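K.L.:
Residue numbering for the sequence shown follows this note's numbering, starting at 35 and increasing by one per position. The beta carbon of each residue, even a glycine, is placed where N, CA and C say it ideally should be. Given the structure is predicted, the values throughout are model-derived calculations rather than measurements. One structure follows; several queries about it will come next.
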Amino acid sequence: MNNKGNMALEVIGALLVIVILGTFYFVSDKATQDINDNIQNSSINNESKAIFQNTADNYSSWSDYAMLSIFIIIWLMSLISAWYTDESPILVIVSILLFIFVIIGAIFVQDAILGIIEDAEFSGQYATMPITVFLINNMVMLLTAMGLSIGLLLYLRFTR
């Protein structure tokens with residue numbers, strides 16, 4: 035498999051994961067809370083109501099920690115991938131240029147996602163999912179740190 039020029043691609047992958055999963059978790063948590071409200075107001079027996087209430091209460095924290103775990107795993111896998119990549123030094127320069135464009139694109143994506151999740155409709159999810167909100171609010175900084183750590187690792191690999 036050809037892994038040349040992977041720094042920008044790894045950051046693009048992390049950007050997509052943060053955007054897609056963050057948005058999915060926010061929307062699905064909102065749907066879970068709405069369904070739970072409808073079930074609690076229905077004539078279903080109390081045991082079923084309690085089970086679904088427990089599920090709805092735990093979904094926010096579960097998805098929040100899943101988002102953090104996935105981001106950390108992607109970062110670690112990117113570092114491992116960068117260490118084992120046989121990359122030409124000229125491709126590092128190309129990767130850095132692509133990385134700059136990815137970060138500029140991430141700024142626009144972050145603004146769009148923040149416009150969605152800061153809507154009044156998602157105010158409950160904004161309060162119950164602090165890790166996901168942190169990842170989305172600091173997406174550009176985190177992706178920059180990720181790209182710089184991959185670039186540093188590639189540089190260290192060439193200098194040894």
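Considering just the uninterrupted stretch of the alpha helix (DSSP H) at Ala84, what are its terminal residues?
P.N.:
Here the question's residue 84 lines up with position 50 in the sequence shown. It spans Asn80 to Tyr118 - the alpha helix (DSSP H) in which Ala84 sits, taken as one unbroken run.
K.L.:
With H, G and I counted as helix, E and B as strand and the rest as coil, what does DSSP make of Ile153?
P.N.:
Within the sequence shown, numbered from 1, the residue matching residue 153 stands at position 119. With the sequence shown as reference, residue 153 is identified as Asp, and Ile is not the correct amino acid for it. Asp153 falls in the coil class under three-state DSSP.
K.L.:
Assign Met173 to one of three DSSP states: helix, strand, or coil.
P.N.:
Translated into positions along the sequence shown, residue 173 becomes position 139. Helix at Met173.
K.L.:
Can you give me the Cβ contacts of Val136 inside the same chain, cut-off strictly under 6 angstroms, excluding the 5 residues immediately before and after it?
P.N.:
Counted from its first residue, the sequence shown places residue 136 at position 102. So the list reads Ala42, Val45 and Ile46, once near-sequence residues are dropped.
K.L.:
Among Val174, Leu50 and Phe168, which one has its Cα closest to the Cα of Ile108?
P.N.:
Locating residue 108 in the sequence shown gives position 74, counting from the first residue. When only C-alpha atoms are compared, the closest one is Leu50.
K.L.:
Pull up the distance between the alpha-carbon of Ala179 and that of Glu155, whole angstroms please.
P.N.:
Indexing the sequence shown from 1 puts residue 179 at position 145. Indexing the sequence shown from 1 puts residue 155 at position 121. Their backbone Cα atoms lie some 32 angstroms apart in a straight line.
K.L.:
Tell me whether the beta-carbon of Ile52 lies closer than 9 angstroms to the beta-carbon of Ile170.
P.N.:
Start at 1 with the first residue of the sequence shown, and residue 52 comes out as number 18. Start at 1 with the first residue of the sequence shown, and residue 170 comes out as number 136. Yes, these two residues count as a Cβ contact at 9 angstroms.
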